[in-house]
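Reviewing the structure listed below.
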Amino acid sequence: MTTDLAAFAAENGVKYFMISFTDLFGGQRAKLVPAQAIADMQEEGAGFAGFATYLDLTPAHPDMLAVPDPASVIQLPWQPDVAWVAADPVMEGAPVDQAPRNVLKRLIAQAAEEGMHVKTGIEAEYFLLTPDGSALSDEYDTAAKPCYDQQAVMRRYDVVREICDYMLDLGWGPYQNDHEDANGQFEMNWEFDDALRTADKHSFFKFMTKSVAEKHGFRATFMPKPVEGLTGNGCHAHISVWDAPGDKARTNVFATDTTTGSQTAELGLSEQGSYFLGGIMKHASALAAITNPTVNSYKRINAPRTMSGATWAPNTVTWTGNNRTHMVRVPGPGRFELRLPDGAVNPYLLQAVIIAAGLSGVRSKADPGKRYDIDMYADGHKVRGAPKLPLNMLDALRFYDKDKELKAMMGEEFSAAYLKMRHQEWTSFVTHFTQWEKDNTLDV
Ligand SMILES: [Mg+2]
């Protein structure tokens with residue numbers, strides 16, 4: 003693990019570091035710092051005017067210093083004289099509580115105090131578009147059922163291979179790549195890891211995918227629903243909890259003690275796994291404010307059936323076994339998949355809110371409720387009593403605001419800042435005039 007960035011630069015021929023922090027909306031903000039200046043910067047951090055990003059700060063606030071975490075450093079495989087390093091915002095010597103990576107680190111520490119070490123894997127789907135974003139990059143990618151289309155994936159082999167090669171070089175353990183369910187859509191999978199490491203990799207994956215796509219004359223987008231009528235970009239998360247972090251992990255706490263005879267135990271989920279899942283179910287509607295953070299997110303969940311036959315996104319708070327039509331799937335012993343998050347999710351807040359909801363469930367011994375072993379797309383209307391997911395961003399923000407426990411777990415300062423900034427975004431959306439209004443109201 004890297005501890006000294008100046009030595010890292012000397013050993014690897016790095017000339018510049020991108021000291022990068024992530025704001026509330028998931029934007030990655032960086033300063034390019036020459037290697038000669040990195041030793042001081044590692045101590046003190048790089049200075050930013052925080053209010054100029056999506057953080058709830060004003061021009062009157064003092065400088066925000068982003069202090070690099072050397073353990074996260076990655077040499078850019080496509081530009082090896084530059085290295086990216088995730089940074090933690092600090093102001094006047096104290097962590098900025100609303101900064102997403104700080105929120106996640108605080109929750110990881112809280113879970114660790116209770117002997118829980120969350121590991122996750124994510125599936126960050128993306129589309130390849132033309133540079134102006136107006137069309138799919140591949141005009142021949144028109145099949146009605148394009149999932150796993152081998153001809154189409156090979157037409158973008160240069161992009162997919164380059165990204166996968168880089169992940170191999172970085173030691174992420176990538177193991178499969180495919181054309182996904184929408185025309186122009188791809189997914190690449192790499193091995194699960196500790197929550198903070200997965201969040202850093204998720205951030206870097208987005209940066210890398212966009213950069214490689216640009217190099218090839220395309221534009222990669224993680225937008226939740228970039229094309230009307232096609233399947234959206236999900237960011238499913240596979241979750242397990244272990245007895246120790248990193249390489250010290252020996253026991254999957256979710257996979258043991260399956261003898262209770264409960265509905266979760268039948269699927270190989272331990273009592274603690276069941277409580278963790280119970281927390282996710284209990285807080286699901288509020289969770290959506292984080293996992294589905296944009297106006298566009300709600301065109302993915304609650305969507306009508308797409309041209310390929312299924313939306314692949316949930317609309318109700320239900321869980322089941324190995325069945326992709328629910329919000330939570332337990333595909334096998336010792337882990338579960340949360341299918342709610344979309345491509346707009348902030349990598350750090352995704353991990354943070356999973357830990358917050360799960361920890362709350364473990365503390366309160368939350369019951370995940372009834373397991374529905376049905377096809378939700380066909381028979382969802384038969385389910386009685388399961389909450390529907392929020393219908394839009396405002397709905398989700400209101401659920402979050404009402405969920406006092408989740409707000410406190412995520413941090414009061416963070417929650418207030420997040421709600422304020424997202425409400426401003428919602429107001430901006432609803433105050434803009436649309437053609438739809440004219441089409442439907444002109445002759446009223
Ligand atoms: Mg997928």
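According to our numbering, the stretch in the sequence shown is residues 3 to 446, in order.
By construction, the Cβ of each residue, glycine as well, lies at the ideal position given by its N, Cα and C atoms.
Q | Straight-line Cα distance separating Glu-115 from Thr-429 | A | If you take the alpha carbons of Thr-429 and Glu-115, they lie about 40 Å apart.
Q.
Let me check you understand the geometry: is the CB of Glu-339 closer than 6 Å to at least one non-hydrogen atom of ligand 1?
A. Distances taken from the Cβ of Glu-339 to the heavy atoms of ligand 1 include none shorter than 6 Å.
Q. Would you call the segment 116–129 and the segment 351–362 in contact, with 3 or more CB pairs under 8 Å?
A. Cβ pair count under 8 Å is three or more, so yes.
Q: Check whether the Cβ atoms of Asp-397 and Gly-236 lie closer than 7 Å to each other.
A: Cβ distance not < 7 Å, so Asp-397 and Gly-236 don't count as in contact.
Q | Residue closest to Ala-459, alpha-carbon to alpha-carbon, out of His-63, Asp-90 and Gln-178 | A | Outside the displayed range of the chain (3 to 446) lies residue 459, so it cannot be described from this structure.
Q.
Taking the alpha-carbon of Asp-405 as reference, which of Leu-232, Thr-320, Met-283 and Glu-189 has the nearest alpha-carbon?
A. The shortest C-alpha separation from Asp-405 is found at Met-283.
Q) Hey, out of Ala-288, Gly-323, Gly-336 and Leu-232, whose CA is closest to Gln-274's CA? A) Ranking Ala-288, Gly-323, Gly-336 and Leu-232 by CA distance to the CA of Gln-274 puts Gly-336 first.
Q.
With distance defined between alpha-carbon atoms, name the residue in Ala-96, Thr-211 and Ala-146 nearest to Gly-231.
A. Closest by alpha carbon: Ala-146.
(Q) Tell me the residue span of the beta strand (DSSP E) that contains Asn-185. (A) Where Asn-185 is concerned, there is no enclosing beta strand (DSSP E), given that its DSSP letter is neither H nor E.
(Q) For Ala-459 and Asp-167, which I take to be in contact (beta-carbon distance under 8 Å), what is that distance rounded to the nearest angstrom? (A) Residue 459 cannot be examined here, being either before or after the span of the chain that is shown, 3 to 446.
Q) Hey, how far is the Cα of Pro-316 from the Cα of Ala-201? A) Ala-201 has its alpha-carbon roughly 23 Å from the corresponding atom of Pro-316.
Q. Count the other CB atoms within 10 Å of the CB of Pro-370; is the residue buried (16 or more) or exposed (fewer)?
A. Pro-370 should be labelled buried.
**Q.** Range covered by the beta strand (DSSP E) that runs through Asp-479
**A.** Look at the range of the chain in this structure, 3 to 446, and you will see that residue 479 is not part of it.
**Q.** Spatially closest choice to Phe-27 from His-63, Met-43 and Tyr-56, by CA coordinates
**A.** Residue Tyr-56 is the option with its Cα nearest to Phe-27.
Q: Helix, strand or coil for Thr-436, going by three-state DSSP, please let me know.
A: Reduced to three states, the DSSP call for Thr-436 is coil.
Q. Between the segment 105–112 and the segment 156–173, do three or more beta carbon pairs fall short of 8 Å?
A. Judged by pairs of C-beta atoms under 8 Å, the segment 105–112 does not touch the segment 156–173, as fewer than three such pairs exist.
**Q.** Through-space distance from Trp-314 to Gln-152, alpha-carbon basis
**A.** In this structure, the straight-line span from the alpha carbon of Gln-152 to that of Trp-314 is close to 20 Å.
Q. In terms of residue numbering, what span does the beta strand (DSSP E) encompassing Ala-145 cover?
A. Segment: none, Ala-145 is in no beta strand (DSSP E) and carries neither H nor E.
Q) Hey, is Glu-46 close to ligand 1, as in C-beta under 6 Å from one of its heavy atoms? A) Within the chosen limit of 6 Å, ligand 1 does not reach the beta carbon of Glu-46 with any heavy atom.
Q) Which residues in the same chain have their Cβ closer than 8 Å to the Cβ of Leu-172, if we skip the five residues on either side of it in sequence? A) Contacts found: Ile-76 and Pro-79.
Q) Taking buried to mean at least 16 other C-beta atoms within 10 Å of its own C-beta, is His-181 buried or exposed? A) Its Cβ being crowded by 16 or more others within 10 Å, His-181 is buried.
Q. Grouping DSSP H, G and I as helix and E and B as strand, with all else coil, what is Ser-22?
A. Looking at Ser-22 - three-state DSSP - the assignment turns out to be strand.
Q | beta strand (DSSP E) segment containing Met-378, residue limits | A | Element bounds for Met-378: not the beta strand (DSSP E) but the alpha helix (DSSP H), 378–381.
Q) Is the distance from the Cβ of Leu-59 to the Cβ of Gly-49 below 7 Å? A) No; because the gap between Cβ atoms is not below 7 Å, this pair is not in contact.
Q | Secondary structure of Leu-106, DSSP reduced to three states | A | Leu-106: helix per DSSP, three-state reduction.
Q | Rounded straight-line distance, which links the Cα of Val-87 to that of Ala-12 | A | Using only the alpha carbons, I get a separation of about 16 Å.
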